[in-house]
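A short write-up of the structure that comes next.
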Amino acid sequence: MPKVKIYTTPVCPFCKLAKEYLKAKGIEFEEIDVSKDEEAAKEMIQKSGQMGVPVIEIDGKIVVGFDKEKIDQLLGLK
Numbered sequence: 003m004p005k006v007k008i009y010t011t012p013v014c015p016f017c018k019l020a021k022e023y024l025k026a027k028g029i030e031f032e033e034i035d036v037s038k039d040e041e042a043a044k045e046m047i048q049k050s051g052q053m054g055v056p057v058i059e060i061d062g063k064i065v066v067g068f069d070k071e072k073i074d075q076l077l078g079l080k
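Per our numbering, the sequence shown runs over residues 3 to 80.
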């Protein structure tokens, strides 16, 4: 199973959609609230090159935003 992290904030509607999508696909993930964790926010910016959420990390590869096609591709889903 791939290692999945999702960097989020509580008020982000696309973060909620991304989490619901991953749950519906049966994918376990670690959620990181960057509004409460400054170090995680810095890590997210370093990995993604920007400050927007969601940022989804799948086995070390970064998806910026809720991009179903790219998420499916990295997870090996159709």
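For each residue, glycine too, the CB sits at the ideal point set by N, CA and C.
All values derive from a computational prediction rather than experimental measurement.
Task: the ligand FAD heavy atom lying under 7 Å from the CB of K18 - done: The ligand content of the structure shown is nil, which means the ligand FAD is not present either.
- [ ] With DSSP collapsed to three states, give me the class of I73.
- [x] helix
- [ ] Pull up the distance between the alpha-carbon of I58 and that of V6, whole angstroms please.
- [x] 7 Å
Open item on the list: What would DSSP say about E22, mapped onto helix, strand or coil?
Closed with: helix
- [ ] For the alpha helix (DSSP H) holding K5, just list the boundary residues, first then last.
- [x] From DSSP, K5 is part of no alpha helix (DSSP H); its letter is neither H nor E.
Open item on the list: Quick check: what's the CA-CA separation for T10 versus K18?
Closed with: 8 Å
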